[in-house]
Structures are given as C-alpha cells and as structure tokens.
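See structure below.
Numbering (this note's numbering), first residue to last: 12 to 281.
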C-alpha cells in the first residue's frame with residue numbers, strides 16, 4: 012500500500028471519528044498506519060476504531076448521576092446501613108477512584124462518611140453496616156471484582172454483606188459472570204459486546220480475526236494473554252484521561268516492539 016493511499020484512508024477515517032482529529036492522537040495514528048501493509052490490514056484497524064466507544068468526563072458524570080439514582084431508588088440503600096467502595100489498593104493507580112468521586116458528588120451529603128475509594132480502608136468504618144456497593148469504572152473479564160467479592164465472602168467479618176456492583180462500562184461476558192456471583196445486584200451503564208466476535212458476519216469475523224493475528228505478529232513477539240485484549244476480551248473502549256483497560260486490543264496501547272524499541276500508541280496504559 013503506497014504512502015499516499017495510506018494517508019487518504021487515514022484522513023477518511025478521521026473525518027468520521029471526531030476524537031481522532033485531536034492532536035494528541037496524531038503520532039499514534041501515523042504509527043499504526045505505518046504498520047499497515049495492505050488495505051486488508053487497514054480494514055481491521057478501521058473496524059476496531061469505528062466500533063470504539065470513546066467517552067469523556069461528561070459521560071462519566073452522567074453515568075454517576077444514573078448510578079446514584081439506582082443506589083437510592085432501585086436498591087433503596089441508606090448510608091446508615093451501606094458503604095460505597097472503590098476497588099483501589101494502596102499505592103496503585105486505579106480508574107475507580109475518579110468514578111467513586113463522581114458518584115459521591117451525585118449522592119446526598121449524608122453519604123460522605125460511607126464512601127471510600129480504597130477497598131481495604133473501608134472496613135475499618137463498617138460499624139455494623141450490612142450492604143456494600145462496589146464501584147469500578149470498567150469491568151473486563153470480571154476477574155478483579157470477583158476476587159474482591161470472594162475475599163469478602165471468605166472473611167467472617169464481612170461474609171454477611173449484601174453485595175452490589177456498579178460500573179460505568181463493562182464487557183457483556185464479564186458483567187454476566189459477576190451478576191451470577193452477586194445474585195443479579197449489578198448495574199452497568201454501558202454494556203459492550205466483543206468487537207469482532209459479535210455483530211459481524213461469520214466471514215467478516217474470520218477475516219478480521221486473521222487480520223488481528225497478523226498485525227499482532229508484526230508488532231509483538233508474543234502478546235500472550237493480551238492477544239485480542241486480556242483473555243480475548245475484544246474490547247474497544249476508552250475513557251478520556253483514564254488508563255486504557257488491558258482488555259482492549261493491544262495494538263491500541265502496547266508501547267514497545269518485540270525488539271524493545273519504543274512504539275507510539277494511540278492510547279496510554281501505565
């Protein structure tokens with residue numbers, strides 16, 4: 012594929028996607044374009060980027076408002092008997108922190124002393140409360156939250172909690188897995204399906220899947236468990252100014268080549 016042809020394809024795609032026209036994505040887009048050797052390569056990237064749910068802080072605030080309403084009117088939880096807890100751990104960056112703060116802003120002041128961004132610190136203030144709402148910005152496979160829930164159930168001090176889960180966005184399979192764990196007490200504002208396995212014809216799914224594998228082999232030595240996104244999540248989602256979840260296709264965020272040389276990426280993951 013000639014250079015001019017590549018640029019024409021990129022500019023056409025940018026004309027369809029407002030977020031791609033932002034200066035911060037220029038280098039990553041050109042890098043990704045340079046990794047395309049054919050129109051078939053580009054068609055795979057075009058599909059993933061067209062399907063990508065690009066969200067902003069305004070979307071997060073709107074979602075927090077909806078979740079605050081669910082907590083109060085659907086689940087009818089009261090801060091006197093409930094905790095709202097993020098999944099952050101000590102000294103580790105976590106997208107749930109900002110989301111918990113956004114929900115806090117939408118809840119009455121009475122909730123203030125029942126809201127924690129750090130998972131462990133919340134339990135020093137339990138004071139006999141019987142319900143807990145665990146909040147995260149994104150649910151991928153659901154593994155991380157399932158581990159948190161399992162730890163609560165194993166601990167005699169927290170085993171009798173009534174557990175609820177809320178999230179801004181999540182993959183359908185991960186949400187369903189968690190729903191089974193918490194008896195359906197889960198609310199996710201944006202449910203996402205697999206980008207390639209769902210919503211396209213069988214022929215296209217086969218062609219796109221092979222294209223992804225070829226692209227991954229060009230860029231990485233072996234993406235391992237991150238091939239097609241963590242445990243083949245096939246996510247295509249980004250919340251502006253947040254860390255990109257590793258459930259996304261690694262060509263969107265993987266920042267080095269197999270030889271160790273740095274790679275310009277569309278999105279950032281730390």
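Where a beta carbon is used, it is the ideal one built from N, C-alpha and C, also for glycine.
Annotation: residue 138 to residue 54 spans about 56 Å, alpha carbon to alpha carbon. Contact check between the region 223 to 242 and the region 49 to 67: three or more CB pairs, one atom from each, fall below 8 Å, which counts as touching. About 10 Å separates the Cβ atoms of residue 278 and residue 260, ruling out a contact at the 8 Å cut-off. Residue 95 sits buried, since 16 or more C-beta atoms from the chains shown fall within 10 Å of its C-beta. Bounds of the beta strand (DSSP E) holding residue 142 are 142 to 150.
The region 207 to 214 makes no contact with the region 17 to 32; the number of CB pairs closer than 8 Å stays below 3. When the five nearest sequence neighbours on each side are left out, the beta carbons in the same chain lying within less than 6 Å of the beta carbon of residue 32 are those of 25, in order along the chain. Under DSSP, residue 182 takes part in a beta bridge, and its partners are 203.
In the three-state reduction of the DSSP assignment, residue 267 falls in the strand class. Residue 254 and residue 247 have their C-alpha atoms spaced approximately 13 Å apart. When DSSP states are grouped into helix, strand and coil, residue 105 belongs to the coil group. Beta-bridge pairing by DSSP links residue 174 to 143. Counting the other CB atoms within 10 Å of its CB gives residue 167 a total below 16, which places it among the exposed residues. Beta-bridge partners assigned by DSSP to residue 65: 249. A direct Cα-Cα distance of roughly 46 Å separates residue 41 from residue 123. A residue is called buried when at least 16 other Cβ atoms come within 10 angstroms of its Cβ; residue 97 meets this threshold and is buried.
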